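Trainee: 168 is the number of the first residue of the sequence shown in the numbering used here; add one for each residue after it. Beta carbons are placed, not taken as given, at the ideal position from N, Cα and C, and that holds for glycine. Here the structure is a predicted model, which means the values were calculated and not measured.
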Amino acid sequence: MKRIFIIVLIMAIGSGFFVGAYAELYYRGTDNDGYRLIYDSDFDITWYDYSKTEDMWAVKVNWADTLTVNFAGYSYEDWRLPTTLQPDYSCSNQQWDPFYYGFNCTGSEMGHLYYTALGNTETELGYNTSGDFLYLLRDHFYWSGTDYEPSRVPRAWVFDFYNGNQVDGKGKDKITNNFYGIAVRDGDVPQQETEPVKIRRLTDNIDYIRYNLNFYYYTLLDAYVDAIDGNIIQCRAGLLTEDLDFDLNKSVVIEGGYNYHFTVNDGTTFTSINGSIVISDGKVTIDNGNLEIL
168 MKRIFIIVLI
178 MAIGSGFFVG
188 AYAELYYRGT
198 DNDGYRLIYD
208 SDFDITWYDY
218 SKTEDMWAVK
228 VNWADTLTVN
238 FAGYSYEDWR
248 LPTTLQPDYS
258 CSNQQWDPFY
268 YGFNCTGSEM
278 GHLYYTALGN
288 TETELGYNTS
298 GDFLYLLRDH
308 FYWSGTDYEP
318 SRVPRAWVFD
328 FYNGNQVDGK
338 GKDKITNNFY
348 GIAVRDGDVP
358 QQETEPVKIR
368 RLTDNIDYIR
378 YNLNFYYYTL
388 LDAYVDAIDG
398 NIIQCRAGLL
408 TEDLDFDLNK
418 SVVIEGGYNY
428 HFTVNDGTTF
438 TSINGSIVIS
448 DGKVTIDNGN
458 LEIL
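(1) Measuring CB to CB, does Thr250 end up less than 8 Å from Glu276?
(2) Can you tell me whether Ser439 is buried or exposed? The criterion is at least 16 other CB atoms within 10 Å of its CB, across all chains shown.
(3) Which residues in the same chain have their Cβ closer than 7 Å to the Cβ of Phe328, if we skip the five residues on either side of it in sequence?
(4) Return the chain-ordered list of same chain residues with a C-beta closer than 7 Å to the C-beta of Tyr191, the five sequence neighbours on each side being excluded.
(5) On the three-state DSSP scale, how would you describe Val420?
(6) Kindly list the residues whose CB is nearer than 7 Å to the CB of Phe346, restricted to its own chain and excluding five residues on each side of it in sequence; keep chain order.
(7) Please list, in chain order, all residues of the same chain as Gln359 whose beta carbon is under 7 Å from its beta carbon, the five residues on each side excluded.
(8) Around the C-beta of Glu422, are 16 or more other C-beta atoms found within 10 angstroms, so that it is buried, or is it exposed?
(9) Using only CA atoms, which one of Val351, Tyr267, Asp200, Ser443 lies nearest to Val228?
(10) Along the beta strand (DSSP E) that carries Tyr347, what are the first and last residues, could you check?
(11) Within the continuous alpha helix (DSSP H) that includes Leu387, where are the two ends?
(12) Looking at the unbroken alpha helix (DSSP H) that takes in Lys227, where does it start and where does it end?
(13) Please check the pair Val451 and Val419, which I expect to be a contact at CB under 8 Å, by giving their CB distance rounded to whole angstroms.
(14) Residues in its own chain within less than 6 Å of Ser443 by CB, not counting five upstream and five downstream?
(15) Please list the terminal residues of the continuous beta strand (DSSP E) segment that includes Arg403.
(16) Is Trp246 near Ala225, with beta carbons less than 8 Å apart?
(17) DSSP beta-bridge partners for Val334?
(18) Could you work out which residue in Asn426, Cys402, Asp396 is closest to Asp448 when comparing CA atoms only?
(19) Please state whether DSSP places Tyr281 in a helix, a strand or coil.
(20) Whole angstroms is fine: what's the gap from Gly274's alpha carbon to Lys339's?
(21) Do Arg367 and Phe429 count as a contact pair if the criterion is CB distance below 8 Å?
(22) How far does the beta strand (DSSP E) with Val236 in it reach, from first residue to last?
(23) Check Glu316 in the structure and name its three-state DSSP category.
(24) Indicate the three-state DSSP secondary structure (helix, strand or coil) for Glu221 in the structure shown.
(25) What span of residues does the beta strand (DSSP E) with Thr296 cover, start to end?
(26) Take Thr288 as the anchor and find which of Glu316, Gly331, Ala323 has the nearest alpha-carbon.
(27) Are there 16 or more other CB atoms within 10 angstroms of the CB of Tyr217, so buried, or fewer, so exposed?
(28) Measure how close the beta-carbons of Asp211 and Val236 come, nearest whole angstrom, since I'm counting them as under 8 Å.
(29) Whole angstroms are fine: how far does the CA of Gln401 sit from the CA of Asn426?
(30) Tell me the rounded alpha-carbon separation between Val334 and Thr233.
Dropping the structure here:
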């Protein structure tokens, strides 16, 4: 093994690298289409980390009901939209008994995900952390599978991942409104044996900064190709198996040493690259640490 010491910031991973856990969420792995399955041990449900494009409520219900996910050698066909608990005495607004809505509604599945599992708070700037979710969208409404008042009006409950607001069905009718959908199923799924190294690309675009948006990858080369001049690429510790040809006329910084949640990089662990590295154009700064080439 050849070890190269350069101006490098290498990837430090915390104790949760191979089996991700954030609060009571456990990342189980990716399906055959590259989307993540994340288990909530508190509610005993598994989330499918994919946001289906905006459409009417009935379309979203049908999408979830007919969804097939192939994962770890199994096919899962028992998906649905998340449910909204009513009455939910944790909600901030309880004036229309028994229909409770507003903020901090942790009895519903999306409210529990936002507040309890991901640890977010009521906010005006988009949710603070997405944990292991890559495709949960900020600044968007998501349909619940629960009718608002099925005997009277064609409306359904909605959750706003922009600020954690569980929206009552008034004005959110199922015919004219188009919102996103995310699928969930009851129970757990098997843990995949290996976990790929997670990489994120930071951006200096002011709109993305405002909404705390970053871009996530599983190869360093993909992150480099997508980067614009001046971007920072951060990586967890672990093994990357790829050949790196940095041949674009731009300047990027590659950082590492990060733990599971990209909050700490203390230089105590390494990132190993099983492959070659060639820099033929532009500038690549690998900051603060050691880089192992196997």
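Mentor: Quick look at the numbers:
(1) yes
(2) buried
(3) Tyr281, Tyr294, Leu303, Leu304, Arg305, His307, Tyr309
(4) First, the residue type needs correcting, since residue 191 is Glu and not Tyr in the sequence shown. If we look at Glu191 and ignore the five residues flanking it on each side, its Cβ neighbours are Asp207, Ser208, Asp209, Ala284.
(5) strand
(6) Glu221, Phe308, Tyr309, Trp310, Val325
(7) Arg195, Gly196, Ala239
(8) buried
(9) Val351
(10) 346-353
(11) 387-393
(12) 224-232
(13) 6 Å
(14) Asp410
(15) 399-403
(16) no
(17) Val325
(18) Asp396
(19) helix
(20) 20 Å
(21) yes
(22) 236-238
(23) coil
(24) strand
(25) Counting along the chain, Thr296 falls outside any beta strand (DSSP E), and DSSP gives it neither H nor E.
(26) Gly331
(27) buried
(28) Contact flag wrong, Cβ pair sits at about 17 Å.
(29) 11 Å
(30) 26 Å
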